[in-house]
Amino acid sequence: MSEAASGLDALPPLREVIAAHGLAASKALGQNFLTDPQLLDRIARAAGDLDGQQVYEVGPGPGGLTRALLRAGARVTAVERDRRCLPALAEIAAAAPCRLDVVEGDALALDEPARLERGVRIVSNLPYNVGTALLVRWLEADPWPPWWASATLMFQREVADRIVARPGSGAYGRLSVLAQWRAETRIALPVHRSAFVPPPKVMSAVVHLVPHAAPEGVGPGRLSAITAAAFGQRRKMLRQSLKSMPHALDALATLGIAAERRPETLMVEEFVALAAALS
Ligand code: SAM
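Residue 318, in the numbering used here, is where the sequence shown stops; the numbers in between run on with no holes.
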C-alpha cells in the first residue's frame, strides 16, 4: 500500500458514507454520485501521473473521486456547493493530512487563478447543469496558455461527443470549435449510466483536454461571434448565415472558403482564420 493511500483505505465505503450523512441526491445540484473505487481510480489515472500535483476538483460530493485523486498522490482543492457534503469531506481531509482543501461555495463564482497554483490539473465529475459553462470559461481563459495544465472531465455523453466532434459530424458545432481551437481533446473513457447513484437517464464519458501551448492570434470573443452566426443557422450556407456580419463575405473570398459551404464542413482552422481576418 502506498503512503498516499494508507489512511484513505481505512475510510468507510462510499455507499455507507452517503447513507450515514443522509446525502439523498439533489437533482437541482446535478448530483449523481460515483461509488466504485476501481472506476474512480481509472478516472484519476486518465488525468496522468498526479503524484505530488495540485488538482482542482469541482463538486466532490461525498468524495469518491476526491479519494481516488488523493490515492494517486495529488494535493486537492475541491469546491462544493452542497453543505451537506462537508462532514464527509472533512473525514477524508483528516485521513490525508494537509492534502485536501475544501472550499464551500459556487465554482462559477470562484476566482480560480487567485486560488490555485499555475499548472493545476482539473479533474471533476461535473454537475451537468453547470458543466458546459465551466468548460467554456476555462477555454476562454485570458491570458492563454491558461492557469490549468489539463482538464479531465466527466460529461453527459452527448456533450462529450460535441467537445471532440470533427467536421462533418452531426455533433460538430460551437463547442467543438472552441474546445479544439484551444486544446487537444479526446474521450478518455465512456462511463455507463449504471455506475452512478442514482443512475441518470443518459450515458456519460470522461473527456481529457490539454491546452495548446501557442496562442492563435485571435480572441475567443470574435471566434464565438462567428460560430454563433454560422451554427445559429446550421442548415444554411455561410453566404446566408454570415451576411449580416460586416466584411465576413469578403473575408471568405480572400481566404478561398466557398460561401456555399455549410458551417459543419469548416475545419477549426478555417473558423480561426476567418476570425483572424475579421479581427
Ligand atoms: N464528485 C462526486 C462523484 O463523482 O461522485 C459528485 C459528482 S456530482 C455529478 C456533482 C457535484 O457538484 C455535486 O456534489 C454537487 O453538489 C456539486 N455542485 C453542483 N453545482 C455546483 C457548483 N455550482 N459549484 C460547486 N459544486 C457544485
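Note that CB positions come from ideal geometry on N, CA and C, so glycine has one too. Predicted model only: the values in this text are computed from it and were never measured.
Looking only at its chain, what residues have a beta carbon closer than 7 angstroms to the beta carbon of residue i, apart from the 5 residues adjacent to it on each side?
i      : result
Glu96  : Leu104, Thr105, Leu108, Val115, Ala117, Val162, Ser163
Met40  : Residue placement at Met40 is flagged as unreliable, the pLDDT there being 46, under the threshold of 50; the coordinate-derived value follows with that caveat. Closer than 7 angstroms at the Cβ level, and outside the excluded window around Met40, lie Asp48.
Tyr167 : Gly69, Gln195
Ala290 : Leu313, Ala316, Leu317
Pro238 : Arg232
Ala59  : none
Terminal residues of the continuous beta strand (DSSP E) containing residue i?
i      : result
Asp140 : 139–143
Ser189 : 187–195
Gln93  : 93–97
Val230 : 222–230
Pro152 : Counting along the chain, Pro152 falls outside any beta strand (DSSP E), though it belongs to the alpha helix (DSSP H) covering 151–154.
So, with DSSP's three-state summary, where would you put residue i?
i      : result
Met40  : With a pLDDT of 46 at Met40, under the threshold of 50, the modelled position of that residue is not reliable, and no figure is offered here.
Glu130 : helix
Asn71  : coil
Ala314 : helix
Ile82  : helix
Val29  : Absent from the model: residue 29. The displayed extent of the chain is 40 to 318, so no value can be given.
Ile296 : coil
Arg114 : strand
Leu89  : coil
Ser233 : helix
Tell me the residue span of the alpha helix (DSSP H) that contains residue i.
i      : result
Ala264 : 259–271
Ser280 : 277–280
Between which residues of its own chain and residue i is the CB-CB distance below 8 angstroms, once the five residues before and five after are set aside?
i     : result
Val1  : The shown model of the chain, from 40 to 318, leaves out residue 1, and the question about it has no answer.
Leu79 : Leu73, Gly103, Leu104, Arg106, Ala107
Please look up how many angstroms separate the CB atoms of residue i and residue j, rounded, as I've assumed it's under 8 angstroms.
i      : j      : result
Ser189 : His251 : Actually they are not in contact, since the Cβ atoms of Ser189 and His251 sit about 12 angstroms apart, beyond 8 angstroms.
Arg225 : Thr266 : In fact, because the Cβ distance is near 21 angstroms, the residues do not count as touching under 8 angstroms.
Ser243 : Met193 : 6 angstroms
Val249 : Ala222 : 6 angstroms
Ala98  : Leu50  : For the sequence presented, residue 98 should be read as Gly rather than Ala. Contact flag wrong, Cβ pair sits at about 19 angstroms.
Glu299 : Arg278 : 7 angstroms
Could you name the residues of the same chain whose beta carbon sits closer than 6 angstroms to that of residue i, not counting the 5 residues immediately before and after it, in chain order?
i     : result
Gln92 : Ala113, Arg160
Ile57 : Pro101
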